[in-house]
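Residue numbers (the working numbering), protein chains in the order written: chain E, 13 to 127; chain A, 469 to 581.
Each residue gets a CB set at the ideal place from its N, CA and C atoms; glycine is no exception.
Some notes on the structure that comes next.
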Amino acid sequence: GAVVSQHPSWVICKSGTSVKIECRSLDFQATTMFWYRQFPKQSLMLMATSNEGSKATYEQGVEKDKFLINHASLTLSTLTVTSAHPEDSSFYICSARWGQLETQYFGPGTRLLVL
Amino acid sequence: QKEVEQNSGPLSVPEGAIASLNCTYSDRGSQSFFWYRQYSGKSPELIMFIYSNGDKEDGRFTAQLNKASQYVSLLIRDSQPSDSATYLCAVTMSGGGADGLTFGKGTHLIIQP
Numbered sequence: 013g014a015v016v017s018q019h020p021s022w023v024i025c026k027s028g029t030s031v032k033i034e035c036r037s038l039d040f041q042a043t044t045m046f047w048y049r050q051f052p053k054q055s056l057m058l059m060a061t062s063n064e065g066s067k068a069t070y071e072q073g074v075e076k077d078k079f080l081i082n083h084a085s086l087t088l089s090t091l092t093v094t095s096a097h098p099e100d101s102s103f104y105i106c107s108a109r110w111g112q113l114e115t116q117y118f119g120p121g122t123r124l125l126v127l
Numbered sequence: 469q470k471e472v473e474q475n476s477g478p479l480s481v482p483e484g485a486i487a488s489l490n491c492t493y494s495d496r497g498s499q500s501f502f503w504y505r506q507y508s509g510k511s512p513e514l515i516m517f518i519y520s521n522g523d524k525e526d527g528r529f530t531a532q533l534n535k536a537s538q539y540v541s542l543l544i545r546d547s548q549p550s551d552s553a554t555y556l557c558a559v560t561m562s563g564g565g566a567d568g569l570t571f572g573k574g575t576h577l578i579i580q581p
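Written out as structure tokens, the structure reads:
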């Protein structure tokens, strides 16, 4: 099966600091990974598409300078929230494409709380 | 703007009955349709995907797609308490998972023992 991991699962930080979240495909190579964000009682919103070896594609309204995405290998994509503020507190979830039909499988998510 | 609409519920169904979840989407160009299950505090788990009009069955789950009506549904037979969760409908413009998913807000399903 397709296993996607994320690290850390929880992070609490002070306002103004930067936080890095890792997304790994454990048993397959993923040329494309996606980053989503989910606020309480809301649905998942796509933030960006991460392609291995190239720049990420950001959705409208998502600040690329604030949410830095790096997809340096076929099994790892990272999301860095720079100068985090309390409004960035959310559930960040990555997904990776897998299989012949290339469906998306999600990581367990990272809860970010900015104080 | 792509939109995916779901009744937020809660939808309450007795154990053993059929749960019917519905979803409509606005973009006629949508190609792929997915149902995910999300337990509280967890990330989504893929239940089923469907690309062609008609029905697709997998165990207790049946997905139904009607592109002319821009409607997709999920039936859960022999509902179990463990099926209680939020069910998210998602669509994408491309085949498979080539593009990011557009999600509905989800339907909260409660299976009553």
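Nearest candidate by alpha-carbon position, reference Gly-28/E, set Asp-100/E, Gln-18/E, Leu-80/E, Thr-69/E: Start at 1 with the first residue of the first sequence, and residue 28/E comes out as number 16. With distances taken between Cα atoms, Gly-28/E lies closest to Asp-100/E.
Simplified DSSP assignment, three categories, for Asp-39/E: Position 27 of the first sequence, counting from 1, holds the residue named residue 39/E. Annotated three-state conformation of Asp-39/E is coil, per DSSP.
Closer than 8 Å to chain E by CB, Leu-517/A: If you number the second sequence from 1, residue 517/A lands on position 49. Residue identity check: residue 517/A is Phe in the sequence provided, not Leu. Nearest CB-CB separation between Phe-517/A and chain E: below the 8 Å threshold.
I'd like the list of long-range same chain contacts for Asn-490/A, defined as Cβ closer than 6 Å, with 5 residues on each side in sequence excluded. Residue numbering aside, residue 490/A sits at position 22 when the second sequence is read from its first letter. Counting only Cβ-Cβ distances below 6 Å, and skipping sequence neighbours, we find Ser-541.
I need the boundaries of the beta strand (DSSP E) containing Leu-127/E, first residue and last residue. Indexing the first sequence from 1 puts residue 127/E at position 115. Where Leu-127/E is concerned, there is no enclosing beta strand (DSSP E), given that its DSSP letter is neither H nor E.
Using a Cβ-Cβ cut-off of 6 Å (strictly less than) and excluding sequence neighbours within five positions of Ser-95/E, which residues of its own chain qualify? By one-based count along the first sequence, residue 95/E stands at place 83. Closer than 6 Å at the Cβ level, and outside the excluded window around Ser-95/E, lie Gly-28.
Under 7 Å from the C-beta of Phe-571/A: neighbouring residues of chain E: Position 103 of the second sequence, counting from 1, holds the residue named residue 571/A. In chain order, Ser-55, Leu-56 make up the part of chain E whose C-beta sits under 7 Å from the C-beta of Phe-571/A.
Helix or strand or just coil, what does DSSP make of Glu-525/A? Walking along the second sequence from the start, residue 525/A turns up at place 57. Shown here, Glu-525/A sits in a strand according to DSSP, grouped into three states.
Cut-off 6 Å between Cβ atoms - residues of its own chain near Asn-82/E, not counting five sequence neighbours on either side: Taking the first residue of the first sequence as 1, we reach residue 82/E at position 70. If the five residues before and after Asn-82/E are omitted, its C-beta is found closer than 6 Å to the C-beta atoms of Thr-90, all from its own chain and listed in chain order.
List the whole-angstrom C-beta distance separating Ile-579/A from Ser-552/A, where the pair is believed to meet the contact cut-off of C-beta under 8 Å. Numbered from 1 along the second sequence, position 111 holds the residue referred to as residue 579/A. Numbered from 1 along the second sequence, position 84 holds the residue referred to as residue 552/A. About 5 Å separates the two Cβ atoms, so the contact holds.
Count the other CB atoms within 10 Å of the CB of Pro-512/A; is the residue buried (16 or more) or exposed (fewer)? The residue given as residue 512/A occupies position 44 in the second sequence. Flag for Pro-512/A reads buried.
Using the beta-carbon of each residue, which ones in chain A are nearer than 7 Å to Phe-46/E? Walking along the first sequence from the start, residue 46/E turns up at place 34. The answer, in chain order, is Gly-568.
CB contact check: Thr-61/E to chain D, cutoff 8 Å: Here chain D cannot be found, since the structure's protein chains are E and A.
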